[in-house]
Amino acid sequence: MAQPQLKRIARKEKFGRVGKKAAPKPVVRLTAHDLAARQREISVSEFFTKNRHLLGFDSPAKALLTTVKEAVDNALDACEEAGILPDLVIEIGEISETRYRVSVQDNGPGIVKAQIPKIFGQLLYGSKFHTLRQARGQQGIGISAAGMYGQLTTGKPIRIVSKTGPTKPAHEFEIQIDTKRNQPVVVSDRERDWKDVDPSSGEKGEIAHGTRVELEIEATYKKGRHSVDGYVEQTAIANPHARVAYTAPDGERREYPRVAEHLPRAPLEIKPHPHGIELGILLKMLHETKARNIGSFLHTEFSRVSSPVAEEIAKAAGLSPSMSPHKAAREQAEALYTAIQAAKLMAPQSNVLSPIGEELLLEGLRKQVTADFYAATSRSPAVYRGNPFLVEAALAYGGGHLPADELMTLLRFANRVPLLYQQSACAVTKSVVQTTWKTYGIQQARGALPSAPMVLMVHIASVWVPFTSESKEAVASYPEIMKEIRLALQDVGRKLGLYIRRGLREADAEKKRSYIEKYIPHIGIALQEILGIDDKRKEKVCATLKDTLERSRKNE
Amino acid sequence: MSESVVPKIKREAKGVEESILKRKKPSLRFPIRSLANVRYLEKEGYFEIRGRKKERTLTVNTVKTFAQTLRMMALSKTLVETDDIATKREAYYVSKNWDEARFLEQTESDTVMDDVEALFEVNREQLGFVPEEKGGDVAGNLIVIDKDPNTGKTIQIDCTKFGSGAYSIPISVEDLGFETKAKFILVIETAGMFQRLVKHGYWKTANCVLVSMGGVPTRACRRFIRRLADVKKIPVYVFVDGDPYGISNIYRTFKVGSGNAAHINEFFCVPQARFLGITPQDIIDYKLPTHPLKEVDVKRAKDALKNDPFFLHHKEWAKAIEHLVSMGVRAEQQALAAHGLNYVIDKYLPQKIAHPEKFLP
């Protein structure tokens, strides 16, 4: 598939060598027709082939992580949408030091045969881009981009096994992407029996339903917090309702058991809130809508716009509510946009989100981090640019296992997905740094994360999480989001401060108690040496003094 | 001065015991040992301690220091009763038997020792504690009358007979006798200058007694010169570096005592001392090579001008120090060597000693 491209490059190189000895050629000016011959549509897949860093494939180590992440995101989303408690099996096998086989299997609802090629072999194909609902995936780029990356680096197609029910056959596909046309190419397609390790029992048997994705990619594996290992562990913390079995490339198996026995509340789909859209989107929506007039367009395509409000907006824009949306000229659309921004509207529904919840935040953290103290908070939803969102924070502090004199560990999550890269560009990190942790009895250098034996996790849930790039590594710093994070941090911080101060008070009281016990005998000895009193009197002096001091300590 | 300290220790301890048995928190009252708590007595010529005291009450927070103070008092009583002595360092090691109440650093035990000393308003030698360092070196026309520590027989120590060496001032000087026909005592800051004067027999030419202090003079050194000068009625001239340290630390402590030992200054000062040099004016008159004043020097000088009762009293001194600060330089004793190694013997000292009335007070 990459053949034509290679040829082109080869031709170019030949051409380039000519000029070396020859006299400088007169500059040949190209005509508009010459240029037109070169201009052609760039497919999305071609674009991303050249800009793979935008999707998180910029280094071999990151490529491995991104591939696993995209497959796991899809698996968890699919299970939750179908109301199934997720059981995941993640396996990474080393083929060579620079080549790995990744497979992710879930017990989800499976995928209908006809959809498989498009989902895995076409970029920007998915169920999530057109809706506003809290989900891990957003654009429908992720898994097909991973497949494309594999194809590009190893030439191997992506392999999918999927089954939709116990009585249905399993389908196995091998799919490649035609990068020029952004179209799937089905390499092979067959029905088969699917006997495999059942994620829930751990035994081999007939799989009832689920999907298994397998890719071979060029990558390198590193251990540590920024690697796949850290990603899987953090995924387990943020998804206490999932069971995850993970086999690392070195063969080490890790099991993350299910902590919560029921699914989180299903997030609801909402229509966009008028205050959150941009003019370009409005134009596109006007063009594509099935509504017959502006009034019903506003009422049906947006949330929080009643018919009377729709009419008011149309009038304010100087448009007739009965005018067809398809006929709206650019100027009219702009007037409509201005009128929408000026209109007083109810805030978007906020009960559409699915928080992890204080209890499960604590449970998840307790399972993975051994500490002395845990605190969590789950804030009420708020709104940025018409999108409802909410912030949750939890921390684990103290105990011998966390390093005491290093910077604390910050775990960031967006819609339950761990964010491992670009920590310093993220709104979460900025908020943590800006929070005055000294108030809560924790050391912090200026402009840095606090130094404490602490793991802090922050989760942002939203129908649309504003990432700073398509690779979804850092959350953008909207003031509303920063404010909510700060309030969440202050909440867990206060709880921690109470705990630390209580500990300090107790330590102080203990020190004073031991002081009295330690040094009073010496006062007795000294007085005995100086005054020559007998032992009985010495004991009396010590006992009386101890009593006096204990009493005064309690009155302090 | 010679009253035994034992009854005093017993009296304090008794007071502590009684308060405890009355279910009260006992307390000890220590005089505050600082320049802020002394006044300069011009007629007597020393810093006298003023009445201000700090009270240390036995509470949960002070129980450790309180216990250590009492144990230090008990150690002192034992030393005095058994006619023994302990150096400050030895006392620190004795405390290692006190389990939890032991001192971790010698500075801690020194502080407690100084507190006890001040509490009873005695010299630490009376408590049985002796300092580590020796008193100072002496050479010249002087015979010291001492006793052989073993036989008790009187012995005469002729300070002219030490050749290129010197007689070392002992820690206790109270019972020494003196014979001398010297015209003055020259007290010198540095061992280097002392050696030069000894080597060239300056004490012979000038008929004097030379004493080397080696920095801030020890109590024994001050007491030795004080007794010698008192008994034999001879003047004392001090020759130190021309810098704020030489003037405000060494000379002032030598002459009137210190804030830290304010309770015993009366005995450990040499009020008849006069300042021979190096004066700020000498730097100009003798065209001495100089070094710039360091930040600490300036701070020390300003501090002296503002807080030191001695310099506040003597306007000439205040003027001299201001002069030094305005020049922004300092000159060492050895700077005279710039005019020839023996310039100090041939010119400087004879010229100076011809006019003692010009010396700074």
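Chains A and B, in that order, are what the protein sequence lines are. If you count the first sequence from 1, you need to add 23 to reach the working numbering. Number 292 in the working numbering belongs to position 306 of the second sequence; there are no gaps in the numbering. We put the beta carbon where it would ideally sit given N, CA and C, even for glycine.
Alpha-carbon to alpha-carbon, residue j and residue i
i, j, result
"B:G151", "B:M99", "34 Å"
"B:N293", "B:V159", "32 Å"
"B:I211", "B:E302", "25 Å"
"B:P278", "B:G314", "6 Å"
"B:A287", "B:S312", "11 Å"
"A:T491", "B:V282", "55 Å"
"A:P476", "A:S447", "20 Å"
"A:H249", "A:L442", "9 Å"
"B:C207", "B:P257", "14 Å"
"A:A193", "A:V91", "23 Å"
"A:K307", "A:G165", "24 Å"
"A:G13", "A:R353", "Given that chain A is displayed from residue 24 to residue 579, the structure contains no residue 13 of chain A and the question cannot be resolved."
"A:R408", "A:V486", "12 Å"
Short CB-CB distance (under 7 Å) between residue i and chain A
i, result
"B:L7", "yes"
"B:E67", "no"
"B:A168", "no"
"B:K39", "no"
"B:K63", "yes"
"B:A53", "yes"
"B:P307", "Note that residue 307 of chain B is Ile in the sequence shown here, rather than Pro. B:I307 does not count as touching chain A."
"B:V49", "yes"
"B:E3", "yes"
"B:L105", "no"
"B:R208", "no"
"B:I331", "no"
Assigned exposure category for residue i - 16 Cβ within 10 Å defines buried
i, result
"A:E562", "exposed"
"B:D69", "exposed"
"B:K185", "exposed"
"A:K246", "exposed"
"B:T204", "buried"
"A:N640", "With chain A running from 24 to 579 in the structure shown, residue 640 of chain A is simply not present."
"A:L342", "buried"
"A:G42", "The predicted model places A:G42 with a pLDDT of 41, which falls under 50 and marks its position as unreliable; any figure quoted below should be read in that light. Exposed is the call here."
"B:K133", "exposed"
"A:G106", "exposed"
"B:K82", "exposed"
Min CB distance residue i to chain B below 7 Å
i, result
"A:H545", "yes"
"A:A549", "yes"
"A:E533", "no"
"A:L572", "yes"
"A:K639", "Here chain A covers residues 24 to 579 and nothing more, so residue 639 of chain A does not appear."
"A:V488", "no"
"A:E552", "yes"
"A:L568", "yes"
"A:R576", "yes"
"A:Y420", "no"
"A:Y444", "no"
According to DSSP, residues forming a beta bridge with residue i
i, result
"B:K39", "B:P17"
"A:Y254", "Paired residues: none, contrary to the question."
"B:P278", "B:V315"
"A:M505", "Per DSSP, none; premise fails for A:M505."
"B:S198", "B:D123 and B:I174"
"A:P441", "A:F436"
"A:A405", "A:F412"
"A:P473", "A:Q467"
Inter-stretch contact at 8 Å, needing at least 3 Cβ pairs: the stretch 356 to 370 of chain A / the stretch 294 to 303 of chain A: yes
At least 3 beta-carbon pairs within less than 8 Å: the stretch 24 to 34 of chain B vs the stretch 229 to 246 of chain B: yes
Given 8 Å, three or more beta-carbon pairs between the stretch 70 to 85 of chain B and the stretch 160 to 167 of chain B: The stretch 70 to 85 of chain B, when compared against the stretch 160 to 167 of chain B, does not touch it at the 8 Å Cβ threshold.
Sufficient close CB pairs (3 or more, under 8 Å) joining the stretch 114 to 129 of chain A to the stretch 272 to 285 of chain A: yes
Inter-stretch contact at 8 Å, needing at least 3 Cβ pairs: the stretch 546 to 560 of chain A / the stretch 48 to 61 of chain B: yes
Touching by the beta-carbon criterion (3+ pairs, under 8 Å), the stretch 468 to 482 of chain A and the stretch 409 to 423 of chain A: yes
Three-pair Cβ contact test at 8 Å for the stretch 313 to 325 of chain A versus the stretch 132 to 141 of chain A: no
Meets three-Cβ-pair contact criterion under 8 Å: the stretch 186 to 203 of chain B and the stretch 121 to 129 of chain B: Short answer: they touch.
Interface residues of the stretch 98 to 118 of chain A facing chain E [CB-CB below 9 Å]: Structure shown: chain E not included; protein chains present are A and B.
At least 3 beta-carbon pairs within less than 8 Å: the stretch 504 to 513 of chain A vs the stretch 449 to 464 of chain A: Yes, they touch.
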